[in-house]
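Numbering-wise (my numbering), the sequence shown opens with residue 11 and increments by one.
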Amino acid sequence: MTLSLASHRPLHPVAMPLILALWLSTIGNAPLWLALLDLPESHSPRAWLGIAGFGVVVLASTVAFLSLLVWPRWRKPVGLVLLLIAAFNSYFMYTYGVVIDPSMLTNAVQTDAREVRDLLSWSMLMVVMLGVLLPGWWWWKQPVQQMPARALVVKQISLAVVATLVMLVMVWLSFENLASTMRNHKSLRYMVNPFNTVYATTRLVVGQSAHASQLVQPIGADAVLLGSASDVDTSPLIVLVVGETARAANVGLAGYDRDTTPRLKQLQDRGELVYFSNVSSCGTNTQVSLPCMFSDLGRDGYGKTEARFENLLDVLQRAGLAVLWLDNQSGCKGVCDRVPHAETRELKDPALCPDGECFDEKMLRVLPERLGQLDPVRRARGTVVVMHQMGSHGPAYYKRTPTGFKVFTPECRSNVLQECSGQEIINAYDNSVRYADHFLGQTVAWLKSQKRPTALVYVSDHGESLGEKGLYLHGMPYAMAPKEQTHVPMAVWFSSPMLNHLGWDKSCWLDQTNQPVTHDNLFSSMLSLAHVQTRLYKPQLDVFSGCQSGQRQVQTVTGRPGAPEHAANPLGTTVDADPKPSHG
Numbered sequence: 011m012t013l014s015l016a017s018h019r020p021l022h023p024v025a026m027p028l029i030l031a032l033w034l035s036t037i038g039n040a041p042l043w044l045a046l047l048d049l050p051e052s053h054s055p056r057a058w059l060g061i062a063g064f065g066v067v068v069l070a071s072t073v074a075f076l077s078l079l080v081w082p083r084w085r086k087p088v089g090l091v092l093l094l095i096a097a098f099n100s101y102f103m104y105t106y107g108v109v110i111d112p113s114m115l116t117n118a119v120q121t122d123a124r125e126v127r128d129l130l131s132w133s134m135l136m137v138v139m140l141g142v143l144l145p146g147w148w149w150w151k152q153p154v155q156q157m158p159a160r161a162l163v164v165k166q167i168s169l170a171v172v173a174t175l176v177m178l179v180m181v182w183l184s185f186e187n188l189a190s191t192m193r194n195h196k197s198l199r200y201m202v203n204p205f206n207t208v209y210a211t212t213r214l215v216v217g218q219s220a221h222a223s224q225l226v227q228p229i230g231a232d233a234v235l236l237g238s239a240s241d242v243d244t245s246p247l248i249v250l251v252v253g254e255t256a257r258a259a260n261v262g263l264a265g266y267d268r269d270t271t272p273r274l275k276q277l278q279d280r281g282e283l284v285y286f287s288n289v290s291s292c293g294t295n296t297q298v299s300l301p302c303m304f305s306d307l308g309r310d311g312y313g314k315t316e317a318r319f320e321n322l323l324d325v326l327q328r329a330g331l332a333v334l335w336l337d338n339q340s341g342c343k344g345v346c347d348r349v350p351h352a353e354t355r356e357l358k359d360p361a362l363c364p365d366g367e368c369f370d371e372k373m374l375r376v377l378p379e380r381l382g383q384l385d386p387v388r389r390a391r392g393t394v395v396v397m398h399q400m401g402s403h404g405p406a407y408y409k410r411t412p413t414g415f416k417v418f419t420p421e422c423r424s425n426v427l428q429e430c431s432g433q434e435i436i437n438a439y440d441n442s443v444r445y446a447d448h449f450l451g452q453t454v455a456w457l458k459s460q461k462r463p464t465a466l467v468y469v470s471d472h473g474e475s476l477g478e479k480g481l482y483l484h485g486m487p488y489a490m491a492p493k494e495q496t497h498v499p500m501a502v503w504f505s506s507p508m509l510n511h512l513g514w515d516k517s518c519w520l521d522q523t524n525q526p527v528t529h530d531n532l533f534s535s536m537l538s539l540a541h542v543q544t545r546l547y548k549p550q551l552d553v554f555s556g557c558q559s560g561q562r563q564v565q566t567v568t569g570r571p572g573a574p575e576h577a578a579n580p581l582g583t584t585v586d587a588d589p590k591p592s593h594g
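Structure (structure tokens):
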């Protein structure tokens, strides 16, 4: 006698989507109901009625959706996929406090093997067992009555119509409570399984299809290099370090009560380094922030267009500079596609790349060799290097730090952050910030050893939540993201030869350090630092604009239709604008 989870009596085919809808609406949406019950305004009998009404809305809408989706030919595989989606969504929403929106789904699609490994855990396996394998076994083995196709179509469409009517009536009866709750807690709308994934997938597929069909449009066709050097030994070298998941709240330079940035603090105390204390990111995840911060469109413009444009690196390369991207992360998200680039995952180093994942110092070790492989003619004019850190990428923060840099203990040694105390999580994260400080200090030391003019610019792509308000990691929709995910560190360092080369006084940008700055400022600031002239330059977004001789008294030109007649350039003079806009 064998044990079977499935009934030997065949079920009516219409019962199958009903049963699946009931599972998805209850157990499959457990994080949603827990979040609703945790709201301050939910602790009253009226609120409970509102939650019950919302439950009916979710159940009815799920029944309507499944009645139109689940048909005999693909009934069982579709059911398994929906169970899998609900289980994984629920796990990540409950464990890390994230929501499932298009940007989060994009992150999931582009996650590499190293990041997947960091997310695996026994608790995830348990969720898969209870949420997929057990109900999935019943779903797959359950016999279903045969019914003529026409009759089944009539019955399931009728069920969808009835369920839709029930949903509309319930929305009408509880509209006031529903509207208020969704307006005050927007994250809830991204927590309803499986509609969050359906919505995000639709947006992602449509967006990527439109994006893929677009040719990359050039920008900065008028870009030229001013005052270039004549050989490699005297040409400037600018290193831009893009931090990963570094939040300003845990940076010693920003007033944090722990000394997480001792080497940068030494540079700051000697007057060599300037820290910008009020910097906001373009987005809350790498997929959005990285291409956005290198775009000339700014956060608002970047988020409103599906068109594909070149970026800062293309403009610098077009002006004649040598450009190099070194990546210790999951890729450059298209930013480095048209410039020389290399990834550390291709390297093997037992000391710096244990288990196939490299510490950030590996980029600095290979930098001299990679620089030597660049076009010498371009290098003689100047070089811009971007190093994309692994930084503080979570949830396995402890993996981001070599053994000798674990200053704050005990640290969380799990990728399931709820298994650790809040202090252990902070310790592991702070160790990663302190190691990033070491990496930046080593980079500055190497730049100081060069005879040529050198500079370093450091800015993180986005921040991180470490349990505040029940949130972990990052990726919340920007409009509802906490400050921990958008307030990022930024610092600049210049060698004395670089200041002489630029003709700047290092105090000329000090009045900017406490002013609001965003990733929008990076494009024009880097053009200014690299001495590249183009009509895309916007002096009001250049944090170094006060360093220019003559204090620019020129109009701002964006290189788009309707621009003024003249364009500003980084040296404070005016040049005739190209009558044809570079893009737009």
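Glycine is no exception: its CB is placed at the ideal position from the N, C-alpha and C atoms.
The DSSP-derived three-state label of Trp519 is coil. Remark: C-beta atoms of Arg389 and Ala332 approach each other more closely than 8 Å. According to the DSSP assignment, Phe75 belongs to the alpha helix (DSSP H) that extends over 55-79. Within 10 angstroms of the beta-carbon of Met508 lie 16 or more other beta-carbons, which makes it buried. Distance from the CA of Leu115 to the CA of Ala210, rounded to the nearest whole angstrom, comes to 7 Å. Apart from sequence neighbours up to five positions away, the residues of its chain that approach Asn425 with a beta-carbon distance below 7 Å are Asp128, Leu129, Ser131, Pro405, Ala406, ordered along the chain. Under DSSP, Trp503 forms a beta bridge with Leu283, Leu466. Listed as beta-bridge partners of Gly253 by DSSP are Ser470. Put simply, the backbone Cα of His195 is about 40 Å away from that of Phe449.
Excluding its 5 nearest sequence neighbours in each direction, Trp149 has C-beta neighbours in its own chain below 6 Å: Gly89, listed in chain order.
Excluding its 5 nearest sequence neighbours in each direction, Ser305 has C-beta neighbours in its own chain below 6 Å: Tyr312, Asn321, listed in chain order. Closest option to Asp370, judged by alpha-carbon separation, among Pro463, Lys458, Gly451, Thr544: Gly451. Straight-line measurement puts the Cα of Ala329 at about 13 Å from the Cα of Leu546. If you look at Glu478, you'll find it isn't in any beta strand (DSSP E); DSSP assigns it neither H nor E. Excluding residues up to 5 positions away in sequence, Val284, Val467 lie with their Cβ nearer than 6 Å to the Cβ of Val502 in the same chain. Only residues of its own chain outside the window of five on either side were considered, and among them Ser534, Ser535, Ser538 have a CB closer than 6 Å to the CB of Asp552, listed in chain order. By the Cβ-count criterion, Asp324 is buried, with 16 or more other Cβ atoms from all chains shown falling within 10 Å of its own Cβ. DSSP places Met397 in the strand class (E or B) of the three-state scheme. Per DSSP, the unbroken alpha helix (DSSP H) holding Ala159 starts and ends at 159-183. In this structure, the straight-line span from the alpha carbon of Pro27 to that of Asp48 is close to 30 Å. With respect to Met180, Ala70 sits close: the two C-beta atoms are nearer than 8 Å. By the beta-carbon neighbour count (other beta carbons within 10 angstroms, threshold 16), Trp84 is exposed. With a minimum length of 4 residues, the unbroken runs of alpha helix (DSSP H) contained wholly in the region 281-363 fall at 296-303, 308-314, 322-328. Linking Gln224 to Lys461 through their CA atoms gives a straight-line distance of about 44 Å.
In this chain, the alpha helix (DSSP H) harbouring Met136 covers 132-138. Within 10 angstroms of the beta-carbon of Phe185 lie fewer than 16 other beta-carbons, which makes it exposed. The C-alpha of Thr544 is placed about 18 Å away from the C-alpha of Thr393. The beta carbon of Asn437 sits closer than 8 Å to the beta carbons of Phe418, Thr419, Pro420, Glu421, Cys422 from its chain, once the five residues preceding and following it are set aside; these are given in chain order. In this structure, the CA atom of Leu169 is about 55 Å from the CA atom of Pro526.
Bounds of the alpha helix (DSSP H) holding Ala31 are 25-35. Burial is judged here by how many other beta carbons sit within 10 angstroms of a residue's own beta carbon; Glu474 has at least 16 and is buried. DSSP, read as helix, strand or coil, puts Ile248 in strand.
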